[in-house]
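Just so you know, the protein sequences line up as chains A and B, in that order.
Residues in the first sequence are numbered consecutively from 21, following my numbering.
Residues in the second sequence are numbered consecutively from 65, following my numbering.
For every residue, glycine included, the Cβ atom is placed at its ideal position computed from N, Cα and C.
What follows is a short report on a single structure.
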Amino acid sequence: MGRTDLLTSFLPLHLLLFDIIDTVRALGWSGAIDLLRNGITLGSLYALIALGYSMVYGILKLLNFAHGDVYMVGSFIGYGVLTALGGPLSPKLALTPLILLIFLAAMLGSGTLGVVIERFAYRPLRNAPRIAPLISALGVSFFLQNSVLLLFGAQHRLWDPFDLGGNPARGVPGPLTSPVFTVKGVPVTVAQVLVVSTAVALMVALTVLVARTRIGKAMRATAYDREAAAMMGIDVDRVISSTFFIGSVLAGGAGVMFGLYIGDTYHFMGFLAGLKAFTAAVVGGIGSIPGAMLGGLVVGLAEAYATGYVGGKWSDLVVFSLLVVVLLVRPTGLLGARAIHKV
Amino acid sequence: MDGPDLPVIPERPDAVDRPRIGVDEWVAQAEGRREAYRGVSGFIRRGWTETPSALKLAVFVGFAATVPFYLNQADLFSFGIFTLLYAVLALGLNIVVGYAGLLDLGYVAFYGFGAYLYSFLSSTHSERIGTHTYHYSFHWPAEASIPTVVVASALLGLVLGIPSRRLLGDYLAIVTLFFGQAFVVFVNVADPLGLTNGPNGLANVDPLNFFGYQLTTRKQYFYFLLLVFSLVVVGLHLLNQSRTGRAWRALREDPLAAEAMSIPVNRLKLMAFAFGAATAGLGGTIFAAVQTGAFPGNFDVSLLITIYAIVILGGMGSIGGVVLGALMINVPFELLDPASDRLGQARVLLYATIIAILVAKVRPWARLGALLGGVLAFGFAVHAIVAAASSSWTAGTVAEVRGTGQSAHGFAAAVEHWVLIPAGHGRFGEWAYVGLIVAVLVVTRLRGLWRTLTLVPTLYLVAIAWENILAEQPAVTRLILFGALLIALMNARPQGLLGTARVEII
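This is the structure we're talking about:
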């Protein structure tokens, strides 16, 4: 056995590194831009979901495991509206009102679901030991996932974004996949622009809501000190309900965007998306709204580049290592405030 | 515990809804003790707390030792072996969650690691990746492989624990959850050096083989598992009574105060992780030997939920509770196995459980009688009215005889005359399920007479949903039930069946 044989059999990581460099060279600049585009789109989805995690964590110090499944239910509601209006191949409405209607239904539906979950699974546990609501959240997540499996089955629902709004009988593709502009020969499609711009619009709206409105002020006060806020006459229950509503609305919107962009809805989609979005929230600094946005971008880019350069099967592990490294180096996240331990 | 001599604590005026926060722990436990001494359940509970632990273990082991004599091979496998295996796993999780209070959601990964490592050390497999063929053939005897697996699992627990030890409860939960996920990706997809044989898993694993004596029959495995279980129980009992056990409880109640009392918090967290992981690895070893292989699909989130349901149902921190939980979770789990064809027994168990919960919870007896009678009468009335309107709405059959051409008899036939089962039931079951969820949510918001009145149609909806949709997909149903159980227990009785009530002291 020669020296190289020894290397190939015992040091696959060493080979992997060469593979990665080769792939980077082969893909070139356009490949890198391609991945950048995918990463930004994916990242804005994660950021939207991460906002819900982050807001709830900021106010209740509760890790809402069920949030990913609210996103899944939002996607299902969107698909339900799409099929009720004729399905992706022959919708009864024009494309723009159809998409608006889908967004509206999914956001309201998942917003309501979020409020119901808070009311029945978390509110009775507000003064219980810390571990109780976490386990309850785990139960809600599992319950939602399997209820959807029971009611709708395990098959993937395909949104067919390629044909949506086009004329499949004549072979005319829909407008969602046509390019808006190109960067160095890499096309950026309508769906991608739609996802990123909707996400940005929602985040701007959220920032304005939290910074400028009365309810936003109440939210910040409640997050800062729940008891003091209650003493100042803030209806804490209502604030928490609205926080869940807003977070779930964003998750529902993300669910629809995933449908319009990737076009795949199934009962287990919330699990990994939820995990990655939570990673995004932690990487950015949990409890911080700009942090969630930044974290979403970082996670989305990490996943896209890992998929492109290392291979899809490693992407989850890369995101996981990213989480561990950030937690080790900066436990409060990139933009998180230093936590003060109150005794 | 001198129950009857407890001083009477005056009831507070806002006793119903007052937050259980800031209450002195002694007061809280005194209240718990007073509750425990009432009625039949109080009698049972007093018997339970006053029996010495060794006697309890002896009674359980003595009872379990007779089990192989009246269960056939298949039943011994699914009910006997798996109940004990789940009990061992739940005992390990109990160290991490129950004693030390760390929410470890990657626990199944240690179980999987144990199973894979044992399989790797006791099988032959080869795999071709690219141009290189990897070939592994180890056939270690069990007296060498079991200690190796246990020590390696404990080390893996330490490796996961070291970066996690600084994390607060919630971060720990997510890191461990990711770790569990990464483990499945690792063995299933990544498969470095052909170690884990990818999605095919490791098959044809040797049975356990001690000094040349092989365990081959299920009966032998059952007794071996019973021995392991007893050792783990004794070990954990001693550990719990020891200095370390007390330190863990202090850590669980208040890490900050524990640290101030010079308890080495980090080291204790790592120890809890290592002990839990070692127990899980041991369980995994036996699992791999019993099913002669380890496959990536064995270690998913649903197993995690099952083990959590066991620990939480029985009561976090209680060894007896964990065993009770393992029995109460595994029996319905196996009855609802789609391959086992036991839907009839599952149905009897379901209705019996509902009645038992009502008997335990609904007072006075007159109301209980009225409720049960009301549900029966309501069902027959609805059935009669719908049958008169359209006979096809009641022409359906129960799930286990559907499509077999047979007709139901006994209890199932009686159920067919009471529950609405439309012939081609289409979406009826799905609507019934959604309606059931809404009805349960409404019932939890109501009090007094209104609650009793709403319970009547709700209980009937349970029967409709069960017969029309849940019994058709038992594999999904059991997972839904565990999810619902976690939520319901956390709301109704966070300490589980045999745990002690805890109060957050601020």
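Under a Cβ-count criterion, where at least 16 other Cβ atoms within 10 Å of its own Cβ denotes burial, should Thr103(A) be classed as buried or exposed? Along the first sequence, read from residue 1 onward, the residue named residue 103(A) stands at position 83. Exposed.
Measuring only between beta-carbons, confirm whether Phe96(A) sits less than 8 Å from chain B. Within the first sequence, residue 96(A) is the residue found at index 76, counting from 1. Put simply, the CB of Phe96(A) is far from chain B, with every gap to its CB atoms at 8 Å or more.
Close-in-space but distant-in-sequence residues of the same chain around Pro132(B) (CB under 6 Å, 5 per side omitted): For the purposes of this step, residue 132(B) is taken as residue 68 along the second sequence, with counting starting at 1. Around Pro132(B): Leu140, Lys283, Phe286.
What do you reckon, are the CB atoms on Gly547(B) and Phe162(A) nearer than 8 Å? Position 483 of the second sequence, counted from the first residue, corresponds to residue 547(B). Position 142 of the first sequence, counted from the first residue, corresponds to residue 162(A). Their beta carbons are under 8 Å apart, which means Gly547(B) touches Phe162(A) by this criterion.
Roughly how many angstroms separate the alpha carbons of Phe177(B) and Gly348(B), rounded to a whole number? Counting from one through the second sequence, the residue named residue 177(B) turns up at place 113. Counting from one through the second sequence, the residue named residue 348(B) turns up at place 284. Near 7 Å, if we compare the C-alpha coordinates of Gly348(B) and Phe177(B).
Segment contact flag, the segment 322–329 of chain A with the segment 40–49 of chain A, C-beta cutoff 8 Å, min 3 pairs: yes
Give the interface partners of Asp257(A) over in chain B, defined as CB-CB distance under 9 Å, in chain order. Within the first sequence, residue 257(A) is the residue found at index 237, counting from 1. Per Cβ cutoff of 9 Å: no residues; Asp257(A) is ~13 Å from chain B at best.
When you compare only the Cα positions, how much space is there between Pro149(A) and Pro558(B)? Translated into positions along the first sequence, residue 149(A) becomes position 129. Translated into positions along the second sequence, residue 558(B) becomes position 494. If I take the Cα positions, the gap works out to 9 Å.
Out of curiosity, what's the CA-to-CA distance linking Thr116(A) and Ile369(B)? To locate residue 116(A), count along the first sequence from 1; it is residue 96. To locate residue 369(B), count along the second sequence from 1; it is residue 305. Approximately 42 Å, taken between the alpha carbons.
Taking the C-alpha atoms as reference points, what is the distance between Tyr180(B) and Leu562(B)? As a position in the second sequence, residue 180(B) is number 116, starting the count at 1. As a position in the second sequence, residue 562(B) is number 498, starting the count at 1. The alpha-carbon atoms of Tyr180(B) and Leu562(B) are separated by roughly 34 Å.
CA-CA distance, Asn268(B) and Leu105(A)? For this step, residue 268(B) is matched to residue 204 along the second sequence. For this step, residue 105(A) is matched to residue 85 along the first sequence. So the alpha carbons of these two residues sit roughly 53 Å apart.
Grouping DSSP H, G and I as helix and E and B as strand, with all else coil, what is Asn187(A)? Translated into the one-based positions of the first sequence, residue 187(A) becomes position 167. For Asn187(A), the secondary structure class from DSSP, reduced to helix, strand or coil, is strand.
Looking at chain A, which residues of the segment 237–262 of chain B have a Cβ within less than 8 Å of any of its Cβ atoms? Within the segment 237–262 of chain B, the residues whose Cβ lies closer than 8 Å to any Cβ of chain A are, in chain order, Ala237, Ile238, Val239, Leu241, Phe242, Phe243, Gln245, Ala246, Val249, Phe250, Val253, Ala254, Pro256, Leu257.
Does the segment 236–247 of chain B touch the segment 156–169 of chain B, meaning 3 or more C-beta pairs lie closer than 8 Å? yes
If you draw a straight line from the C-alpha of Pro57(B) to the C-alpha of Ile210(B), how long is it? Residue coverage of chain B in this structure runs from 65 to 570, which leaves residue 57(B) outside it and unanswerable.
Looking at Tyr372(B) and Leu550(B), is the spacing between their C-beta atoms short of 8 Å? Your numbering for residue 550(B) matches position 486 in the second sequence. Your numbering for residue 372(B) matches position 308 in the second sequence. Yes, Cβ-Cβ distance for Leu550(B) and Tyr372(B) is below 8 Å.
Could you tell me which residues DSSP puts in a beta bridge with Ile193(B)? Locating residue 193(B) in the second sequence gives position 129, counting from the first residue. Paired residues: His196(B).
Taking 8 Å as the CB-CB limit, is Phe174(B) close to chain A? Residue 174(B) sits at position 110 when you count from the first residue of the second sequence. For Phe174(B), the answer is no, since every Cβ of chain A falls outside 8 Å of its Cβ.
Of all the options Leu178(A), Gly305(A), Leu128(A), Leu347(A), which has the alpha carbon lying nearest to the alpha carbon of Val269(A)? On the first sequence, residue 269(A) is found 249 positions in, with the first residue counted as 1. Checking every option, the nearest Cα to that of Val269(A) belongs to Leu128(A).
Strictly under 8 Å for the Cβ-Cβ distance: is Gly389(B) near chain A by that measure? Position 325 of the second sequence, counted from the first residue, corresponds to residue 389(B). Judged by the 8 Å Cβ criterion, Gly389(B) is not in contact with chain A.
If you measure beta-carbon to beta-carbon, which residues of the segment 506–518 of chain B are closer than 9 Å to chain A? Thr508, Arg509
Alpha-carbon spacing of Arg509(B) relative to Val502(B), whole angstroms: Taking the second sequence and counting its residues from 1, the one referred to as residue 509(B) is at position 445. Taking the second sequence and counting its residues from 1, the one referred to as residue 502(B) is at position 438. Rounded to the nearest angstrom, the two C-alpha atoms are 11 Å apart.
Chain A contact for Met392(B) (CB, 8 Å cutoff): The residue you call residue 392(B) lines up with position 328 of the second sequence. No, Met392(B) lies away from the interface with chain A (no Cβ there is under 8 Å from its Cβ).
Given this structure, state the Cα-to-Cα distance separating Gly86(B) from Glu247(A), to the nearest angstrom. Start at 1 with the first residue of the second sequence, and residue 86(B) comes out as number 22. Start at 1 with the first residue of the first sequence, and residue 247(A) comes out as number 227. Reliability fails at Gly86(B), whose pLDDT of 49 lies under 50, so the model's placement of it is uncertain and the value that follows must be treated cautiously. Using only the alpha carbons, I get a separation of about 14 Å.
Identify the contact partners of Val76(A) in chain B, using a Cβ-Cβ distance below 7 Å as the criterion. Indexing the first sequence from 1 puts residue 76(A) at position 56. Simply none; closest approach about 11 Å.
Give the straight-line distance between the Cα atoms of Arg367(B) and Phe293(B), rounded to the nearest whole angstrom. Here the question's residue 367(B) lines up with position 303 in the second sequence. Here the question's residue 293(B) lines up with position 229 in the second sequence. According to the sequence shown, residue 367(B) is Leu rather than Arg. Leu367(B) and Phe293(B): Cα-Cα distance of roughly 19 Å.
Look at the Cβ atom of Phe96(A), then the Cβ atom of Thr285(A), and state whether they are nearer than 8 Å. Reading the first sequence from its first residue, position 76 is the one you call residue 96(A). Reading the first sequence from its first residue, position 265 is the one you call residue 285(A). Cβ atoms of Phe96(A) and Thr285(A): closer than 8 Å.
Alpha carbon of Ser471(B) to alpha carbon of Ile282(A), nearest angstrom: Along the second sequence, one-based indexing puts residue 471(B) at 407. Along the first sequence, one-based indexing puts residue 282(A) at 262. Roughly 47 Å between the two C-alpha positions.
By DSSP, does Arg139(A) sit in helix, in strand, or in coil? The sequence position of residue 139(A) within the first sequence is 119, counting from 1. Arg139(A) falls in the helix class under three-state DSSP.
Would you say Asp318(B) reaches chain A, if we count a Cβ-Cβ gap shorter than 8 Å as a contact? Locating residue 318(B) in the second sequence gives position 254, where the first residue counts as 1. No - not a single Cβ of chain A is within 8 Å of the one on Asp318(B).
Residues of chain B with a CB under 7 Å from the CB of Asn166(A): which are they? Translated into the one-based positions of the first sequence, residue 166(A) becomes position 146. One finds Val540, Leu543, Ile544, Gly547 in chain B with Cβ atoms closer than 7 Å to the Cβ of Asn166(A), taken in chain order.
Cutoff 8 Å: Pro227(B) Cβ touching any chain A Cβ: In the second sequence, counting from the first residue as 1, residue 227(B) sits at position 163. Output row for Pro227(B): interface = yes.
Fully enclosed by the segment 156–227 of chain A, which alpha helix (DSSP H) runs are 4 residues long or longer? none
Only counting the same chain, and skipping five residues up and downstream in sequence, which positions put a Cβ closer than 8 Å to that of Ser455(B)? For the purposes of this step, residue 455(B) is identified with residue 391 of the second sequence, where counting begins at 1. Excluding residues within five positions, none has a Cβ falling inside 8 Å.
Between Val90(A) and the ligand PLP, is there a pair consisting of the residue's CB and a ligand heavy atom that are separated by less than 7 Å? Among the components of this structure there are no ligands whatsoever, and the ligand PLP is therefore not found.
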